[in-house]
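Protein chains in written order, with my numbering: chain V, 46 to 356; chain B, 1423 to 1805; chain S, 13 to 302. See structure below.
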Amino acid sequence: MSWYYIEGILIQSCYTMLIVLGLSILTGYTGMFSFGHAGFVCIGAYISVICTMALGINYWISLLISGLCAMVLGALLGRITLNLKGDYFCIATLGVGEAIRLIFNNLQLELNVGGKHFVLDGAKGVASVPLKTTFVGSLIVVIFFLIATTFLMNSKHGRNMLAVREDELAAQMSGINTFKSKMLAMCMSALYAGIAGGMLAHYFGYIQPRMFMMVKSTEYTIMVIFGGMGSITGSVLGTLLLCALPELLRAVGDWRLVFYGLAVVVIMIVRPKGLMGGKELSDLPFIAKLLGKNKAAKKLPTSDNGKEAQA
Amino acid sequence: MRKLLAILLVSVMLIGTLAGCGEKESDTIKLGWMGSLTGDQAAYGTCEYQTLQLLVEKKNAAGGILGKQIELIGYDTKGDAQEAVNVAKRLCAQDKVCAIIGPNASGQCIAIQSVLDEYKISDMSTVATNEKVTVQDGVLKEFNFRICFLDPEQGRIAGKFVGEYLGFDKVAILYDVNDDYGQGLKDNFVNVFTAMGGTVVAEEKYNGGDTDFTAQLTKIKETDAQIIFTPIFYQDFINIHKQARTLGMELPMLGGDGCASEVLFDAADAVNGSYVINHVSLTDPSGEAFRTEYAQKWNGAKMELNGYMAYDAFLAWCAAVEKAGSDDPIKIAEAYTQIEVDGMTGKIKISPENHNPIGKSGCVEQIDGVNKTYIFVTKIPTE
Amino acid sequence: MGYYLQQLVNGICLGGMYALMSVGYSLVYSIMNFSNFAHGGVIMIGAYIGYFALTALGCPFFLTFLLCGLGSGVLAILLERFVYTPLRKRSAPSLYFIISAMGASIFLENLVIAVIDGTPRNYPEIFKNTINIGGLNLGLDSLLMIIITAVSLFILMFIIHKTKIGLAIRACSYNEKVATLMGINGDLVIFVVFLMGGILAGFAGMLYGMRFIVKPTIGLVTNKSFVAAVFGGLGSLPGAIVGSLLLGIMEIFVASWNSAYRDLFVYALLILVLVVKPSGLMGKVTEDKA
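Okay, here's the thing in structure tokens:
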């Protein structure tokens, strides 16, 4: 196996993991299902490319800018849609995700700034993007965000999001500002997606709107589900499993997605908490003891327990 | 119990992963192929792959090449450029082929260029007609070659056919804005046609993936176009015809090389009377022997255009390997510009300046929906 | 003038297709308050059943039609039984339903790709497709779609408002638990609803295949019918149809102006509706009950 080949898979896993991490905050922790997450990745990719190619901005700063732009978009989207009921929200995200992709499909842009000639040609996207994404760089970004997310989720904000997922009405009555929690989740997930989009663009060397179709959003969601909602370790595992594996198991080809679809349904019925069961790596008995954690305090009421008690 | 199951599952997956690694030493010459086995152009890719399999089988039975057996390794690009890049990496880095044949789409060829340059393995494309595949911004791509004519040439052939042969001077165009191939073909056609004095009375677009063309067709119906030029692929060609006939439009249409396919006869009534441009006549008698062999091996399947192109690409590759005297990818790439073979689509000679074949001609055929076959109309040389 | 009328007819035909697809979806939503995102998959299977019935089995047209409806109906019931019922019994949050529906849809689409293949297929030409009414052209298949949609609407409204099972359905749509306490067989109600939705999906699939194309991804066309259902008002059957027709007409006029923007227009409309009036044109406004 050549390193070039493996490196490609690893880099792809890294930025996918970042997207899945963000999506995990939105779907896994806060319980909002998004059909349009690929739209944020799309925005991130395009903005970062405009920054590095047309405006000559440093790669790392462009990542930051694209993340922030995606976040602003997420905030706007949140403002509009977060008050909608579950199903409406899903369809809204579907609409927004597709709308973003279609806007870029029809956009023709030609910039000549400071001697740099930049062409954005609708459906043909942008070509010849400088290849700036390295394995080490991506790894650093992912680890940084993993740590940041862990801190976030273990804080009050994380617990608020979990409360919103379990029972929004009850959470509101407990004094949690559910809108703010949902908004935070939306913005964070958009930020992650935007940055990952920049990494994606500078890895492939070209971007086209058709790389960000709705199927991509569902793929990311499947990774979240596999690993388990409400678990960061789960998202990491889910991504590794579903991102690195297909490339290596190419021979299985078509049946892979059949298996995924079936697995999602089975997981939802049998073990909605996914592979990790809503727990983190640090919750494994021996590690927990090592870190001196109090396992009892970590157990949160599951939806099954709660509802059964009511009815 | 569940935890055990989970651990078991993960271990199985890990073992499966590791099983994929590992070097294989073999005494064969490896030829790679990539193309659309699934997706909208599946008919084309499948035909290419099947043709190559048949040819490799025959060659191996006759002793192989340079004394070694040929191993054909093929992958499905699903018609997607991203997938094409992954597949190219796998062929070059993992399978270590000495040359690649395919893919059948310009977008994919352009996308894999950086992989080819990195590994210094050549790619002979079968029907990628966009100019940028071999030369972009005046720079020749060292490892990209093609065996077919280009879009500028095809556009010219289309223009000449409509303007001179059919004598029409009013044309409507309906094409896919998302497609490099269609766009290039359309631009070239318009240039040639308007230079001849013709008028483009309507230029309608659609997005790839659209299935409803009634709005655009109704607009075209309002004009006095004599023929509709559709530089698209066969599936959309079928749909557009069906909907045009439903709207009561009897206009013939002219399609590019992306339209010529056996699949068209699924809607034989609708497409009857329209024309397609092709690299070779699908009913050319000299190809009859191979067509019969192909049908025998593949359960009566009929050959598509891509089969002929793959045939010629294979001939070119064999010649290049023999000329190079080894399976060194760089030597094969160099040898491509030095060989000359007689292929099914004419004499193949690759120009060292632009890696394109010299002196190919295109033929125009009319679709006979009643007998479900093509009627050869005329042959127009490229210049 | 004839040009605009023709475009209007085109729009109605397109809208008719969206309507047939969205009725089944809206029906399930109005009863179970849940978006059946696997509806697209059921439509797609209906199209394939029709294709194979016509080509491999050589069935006559009307028999194929019935087979499609039946096949999709059965599929819908199987989906309900194996995917949704387990979740329903455990009172799982609606998020789980949506995710399961998505999983089922992916499963169906890729099962077809793996078992058959992803190559697009065309229905054989069964009859001469064009009809000319007063200078305006439309396809027989489009006319069929519109007729079937209209007839289905009448039949459904009749069933829901005038029959005993309809009463049961309406009761369940307000509150399933209380309805079952009153002696209504909740499972039977859901069975009937999904069966009806599935049959309509089968018809929609076959007519779509006839008119356009058969490939595993045609389930995605239902995205626009979701938009139509929301536009007309989720939970209202007449709303779904009105919304679909209007959407079809507007989409065609946008396409005739600049066809590159037609999809963008549809999704922009969706966002507009959700911001201004989420309950759509004719939908019921529900509030969260404490």
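Note that the Cβ used here is the ideal one computed from N, Cα and C, for glycine as well.
In terms of residue numbering, what span does the alpha helix (DSSP H) encompassing residue i cover?
i	result
I1662 of chain B	Y1656 to T1668
T161 of chain S	L152 to K174
N144 of chain S	Element bounds for N144 of chain S: not the alpha helix (DSSP H) but the beta strand (DSSP E), T142 to I145.
Within a Cβ cutoff of 7 angstroms, which residues of the same chain sit near residue i, ignoring the five residues on either side of it in sequence?
i	result
F1798 of chain B	S1703, T1705, C1785 and E1787
T1439 of chain B	Low confidence applies to T1439 of chain B: its pLDDT is 44, below 50, so where it sits in the model is not reliable enough to give any reading.
L282 of chain V	G272, L320 and M321
K1387 of chain B	The question about residue 1387 of chain B has no answer, for chain B in this structure spans 1423 to 1805.
G167 of chain V	N150, N151, L152 and Q153
V1507 of chain B	A1533, I1534 and V1537
A302 of chain S	Unreliable placement is indicated for A302 of chain S, whose pLDDT of 40 sits below 50; no coordinate value is reported for it.
Y1587 of chain B	T1800
P1803 of chain B	S1783
C1443 of chain B	Any answer about C1443 of chain B is weak, because its pLDDT of 44 lies below 50 and its placement is not dependable; what the coordinates show is given next. Nothing meets the Cβ criterion.
F49 of chain S	I110, A113, M114 and S117
L71 of chain V	M77, S79, A230, M231 and S234
Would you mind giving the Cβ-Cβ distance between residue i and residue j, rounded to the nearest angstrom? I have them listed as a contact below 8 angstroms.
i	j	result
F1571 of chain B	T1551 of chain B	7 angstroms
F1687 of chain B	I1523 of chain B	The Cβ separation is near 27 angstroms, so there is no contact.
M77 of chain V	F134 of chain V	6 angstroms
K1753 of chain B	T1767 of chain B	Between T1767 of chain B and K1753 of chain B the Cβ distance is about 25 angstroms, and since that is not below 8 angstroms, they are no contact.
V1763 of chain B	A1732 of chain B	Not a contact, Cβ separation roughly 14 angstroms.
S271 of chain S	Q1638 of chain B	6 angstroms
A240 of chain S	G255 of chain S	5 angstroms
Y248 of chain V	L176 of chain V	7 angstroms
Going by beta carbon distance, what residues of the same chain come within less than 8 angstroms of residue i, once the five residues before and after it are set aside?
i	result
R1512 of chain B	Y1497
E1445 of chain B	In this prediction, E1445 of chain B has a pLDDT of 43, which is less than 50 and means its spatial position is unreliable; what the coordinates show is noted afterwards. Cβ neighbours of E1445 of chain B beyond the five flanking positions: none.
T142 of chain S	N149, L150, G151 and L152
S200 of chain V	none
L286 of chain S	V242
G1619 of chain B	G1585 and D1591
Residues of chain S with CB closer than 7 angstroms to the CB of residue i, please, in chain order.
i	result
I1660 of chain B	N134
D1634 of chain B	L26
N1629 of chain B	A272 and D275
Going along chain B in order, which residues have a C-beta closer than 8 angstroms to the C-beta of residue i?
i	result
Y50 of chain V	K1511, R1512, A1515 and Q1516
If the criterion is Cβ atoms closer than 9 angstroms, does the pair residue i and residue j meet it?
i	j	result
I314 of chain V	L99 of chain S	yes
A376 of chain V	L156 of chain V	An answer regarding residue 376 of chain V cannot be provided, because it is not within the stretch 46 to 356 covered by chain V.
P1653 of chain B	F1611 of chain B	yes
C114 of chain V	I88 of chain V	yes
In terms of residues, what are the limits of the beta strand (DSSP E) holding residue i?
i	result
K1839 of chain B	In this structure chain B extends from 1423 to 1805, so residue 1839 of chain B is not present and cannot be described.
R210 of chain V	Not the beta strand (DSSP E): R210 of chain V falls in the alpha helix (DSSP H), residues K201 to E211.
L17 of chain S	No beta strand (DSSP E) contains L17 of chain S, which is instead part of the alpha helix (DSSP H) from G14 to M44.
I1650 of chain B	I1649 to T1652
P1574 of chain B	No beta strand (DSSP E) holds P1574 of chain B; the alpha helix (DSSP H) holding it covers D1573 to K1582.
S1783 of chain B	S1783 to D1790
G1457 of chain B	T1450 to G1457
S226 of chain V	Per DSSP, S226 of chain V belongs to no beta strand (DSSP E); it is in the alpha helix (DSSP H), T223 to F249.
P1803 of chain B	T1795 to P1803
R102 of chain S	Per DSSP, R102 of chain S belongs to no beta strand (DSSP E) and is neither H nor E.
T1621 of chain B	T1621 to Y1628
K1769 of chain B	G1768 to K1771
Going by beta carbon distance, what residues of the same chain come within less than 6 angstroms of residue i, once the five residues before and after it are set aside?
i	result
L122 of chain V	V141
G67 of chain V	S234, Y237 and A238
K227 of chain S	P132
G295 of chain S	G245, L246, G247, S248 and G251
Under 8 angstroms Cβ-Cβ, which residues of chain S neighbour residue i?
i	result
G1765 of chain B	Here the premise fails: no neighbours, minimum Cβ distance about 27 angstroms.
A1503 of chain B	Neighbours of A1503 of chain B on chain S: none; closest Cβ ~17 angstroms, over 8 angstroms.
Against residue i, what residues of chain B qualify as contacts under a CB-to-CB distance less than 7 angstroms, listed in chain order?
i	result
A83 of chain V	Near A83 of chain V there are no residues of chain B at all, since even the closest Cβ is about 13 angstroms away, more than 7 angstroms.
G53 of chain V	K1511
For residue i, go through chain B and note every residue whose CB falls closer than 9 angstroms to its CB, in chain order.
i	result
Y305 of chain V	Under the 9 angstroms cutoff, chain B gives no residues; its nearest Cβ is about 13 angstroms from Y305 of chain V.
If the cut is a Cβ gap below 8 angstroms, which residues of chain V does residue i touch?
i	result
V1599 of chain B	G167 and A168
A1533 of chain B	Y251
D1602 of chain B	K169
Is residue i near the ligand PLP, in the sense that its beta carbon is under 8 angstroms from a heavy atom of that ligand?
i	result
D1749 of chain B	The model on display carries no ligand, and the ligand PLP is accordingly not part of it.
Given that residue i touches chain V, what residues does it touch there, using C-beta distances under 7 angstroms?
i	result
S1748 of chain B	Per Cβ cutoff of 7 angstroms: no residues; S1748 of chain B is ~21 angstroms from chain V at best.
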